[in-house]
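To start, the structure under review is shown below, and the notes come after it.
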Amino acid sequence: MDSFYDLGARLRAAFWLILAVALILSTLVAFTGVPAAYGFASFLIFIACVLAAPRNLPTRIEQKDRRRRPIQKSNADVSMRLVVEAFPDPAILLNRAGHVLFFNPAAQNAFASLREGGHISSVIRNPAFLDALSDAPERGRPITVTYAERVPVGRRMSVTVAPLARPNERVPSILVLLRDLTELERINQMRADFVANASHELRTPLASLRGFIETLQLSAKDDSGARERFLKVMAEQAARMTRLIDQLLSLSRAEMNVHVPPSNLVDLNVVIDHVRDAVEPLAQEHNATLEVQRFPSPALIRGDRDGLVQVLQNLIQNAFKYGGKEGVVKIETRYIQPNGRGNGRYSISVVDNGQGISAEHLPRLTERFYRVDVAYSRESGGTGLGLAIVKHIVNRHRGELAISSKPGEGSSFTVLFDAAERPEGALDATPEAAE
Ligand SMILES: Nc1ncnc2c1ncn2[C@@H]1O[C@H](COP(=O)(O)OP(=O)(O)O)[C@@H](O)[C@H]1O
Ligand SMILES: [Mg+2]
């Protein structure tokens, strides 16, 4: 079969030559009186020469191979493309020269200007990465480098450059895998800051306690008046440490539970009543007035009663502390009609008429240990953790915390929770029915 194929291939290859010879011979037969039999015999000899001549024609197998190879390559391309697309992080496949063959959607999100066919250096210009890329074919094994970017947004990236062949082999492509380290490093930094802050907060009262102990042991040993005074301050410092540790534990409990939404039914009116009684002594201490507005009917939500009590207590404590002497603190309640599906929401606002907070501080108030006036907060027994705890508990309830404040005009801290069922009287309260 193959030799037949070979003969056919040779004839096809010499087609134009055979046609020219046939024309020349026909002309000779027609115009010069050469006998037609001679002409035909010459033509057959020429054909025989064409068939017998040693030539490097591709064999049928080679031809088949040639036809098959692009198909095999595209199959490999498809599998490679599927693998690249399966990576959750940005993945880019490059050819040996660093041109982009293809990439996954995560890579497109990370680099808006990434295009197939473009050179990778037009999106990642970092010299360490480009060096890793140019060394990849000779190195033959993956290497990871990290680099920082300032535009379009500040971020730290880890990039692994993996040549897809062993050394000294032909390198068909290079896989580039990227990982955004910004979030990870931010969390690590937050953890380090938290430990540093917590230690600092504990170290201050501890240093003061040690100082007093030393004084009592030495100079104030026989001074009963000084001893009384010092012991009072020492008790305050110890109380401050206890408060801080209690709040740290509350925070860690709130953080641990944040992914488990509470399932018990809680009436917010019961929570408000409990908090009103609990903060009464504090109101007297601050000479403040607490005006409480309850919900007109039971306000049921899926909640954790102790957590909700803590939320309101922390907000009211702040309102007393930062609301100025003889201030008025109001608890305002509101039911918000559902906007489409659901049972609507309950909102509780703690409103004070104190010093207020300027706008630049508002977004950071719920960060741990963030305080507008650190000295004042410490003096008044603050730890800077109250609002961080509030935020976590509210998050656990899938609720919302809204803060509005203007310097000199007081502040309003509002928590919103989904109603477990519509309150009495609001059952048919669609906008039409309400009119
Ligand atoms: N009602 C308020 N009025 C003015 N400032 C407030 C009020 N509530 C909170 N803040 C500010 O927010 C900061 C953080 O509050 P919080 O987390 O409860 O910590 P702490 O009260 O222990 O200082 C406070 O230090 C204070 O600067
Ligand atoms: Mg507080």
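My numbering runs 749 ahead of the 1-based position in the sequence shown.
Ideal Cβ positions, reconstructed from N, Cα and C, are used throughout, including at glycine.
- Comparing alpha carbon positions, the residue from Arg1113, Arg1171, Arg1145 closest to Ser1153 is Arg1113.
- Judged by DSSP secondary structure, Ile1050 falls within the beta strand (DSSP E) whose first and last residues are 1049 to 1051.
- Annotation for Leu1014: the continuous beta strand (DSSP E) segment containing it runs 1014 to 1016.
- Listed in chain order, the beta strand (DSSP E) elements of length 3 or more contained wholly in the stretch 923 to 974 are 923 to 929.
- For Arg1120, the distance from the CB to the nearest heavy atom of ligand 1 is below 6 Å.
- Distances between the C-beta of Gly1135 and the heavy atoms of ligand 2 include at least one below 6 Å.
- In the structure shown, the three-state DSSP call for Tyr1125 is helix.
- With 16 or more other Cβ atoms inside 10 Å of its own Cβ, Gln1104 counts as buried.
- Distances taken from the Cβ of Gly1072 to the heavy atoms of ligand 2 include none shorter than 6 Å.
- Judged by DSSP in its simplified three-state form, Ala1168 adopts coil rather than helix or strand.
- Among the bridge pairs identified by DSSP, Ile1097 is matched with Thr1082, Val1164.
- Here the distance from the Cβ of Gly1076 to the nearest heavy atom of ligand 2 is not below 6 Å.
- For ligand 2, no non-hydrogen atom lies closer than 6 Å to the CB of Gly1105.
- Assignment of Ala911 by DSSP, reduced to helix, strand and coil, places it in the strand class.
- Residue pairing by DSSP places Ser1153 opposite Ser1161 in a beta bridge.
- Counting along the chain, Ile773 sits inside the alpha helix (DSSP H) bounded by residues 764 to 780.
- The beta carbon of Phe1166 is closer than 6 Å to those of Ile1050, Tyr1095, His1146, Gly1148 in its chain, skipping five residues each way along the sequence.
- Under the three-pair Cβ rule at 8 Å, the stretch 937 to 956 does not count as touching the stretch 849 to 868.
- Using a cutoff of 6 Å, the CB of Asn1018 does not count as near ligand 2, since none of the ligand's heavy atoms is closer than that.
- Here His868 is exposed. Its C-beta has fewer than 16 other C-beta atoms within 10 Å.
- For Leu926, the CB contacts under 6 Å within the same chain, skipping 5 residues up- and downstream, are Ala840, Thr909 in chain order.
- The continuous beta strand (DSSP E) containing Ala840 extends over residues 840 to 843.
- Excluding the 5 residues flanking it on each side, Ile892 has same chain C-beta neighbours closer than 6 Å at Ala881, Val910, in chain order.
- Proximity of the beta carbon of Gly1131 to ligand 2 is indicated: a heavy atom of the ligand is located closer than 6 Å.
- According to the DSSP assignment, Leu1039 belongs to the beta strand (DSSP E) that extends over 1038 to 1041.
- For ligand 1, a non-hydrogen atom lies closer than 6 Å to the CB of Asp1101.
- Residue pairing by DSSP places Phe851 opposite Leu842 in a beta bridge.
- Apart from the 5 residues on each side of it in sequence, Thr1115 sits with its Cβ closer than 6 Å to the Cβ of Leu1136, Ala1137, Lys1140 in its chain, given in chain order.
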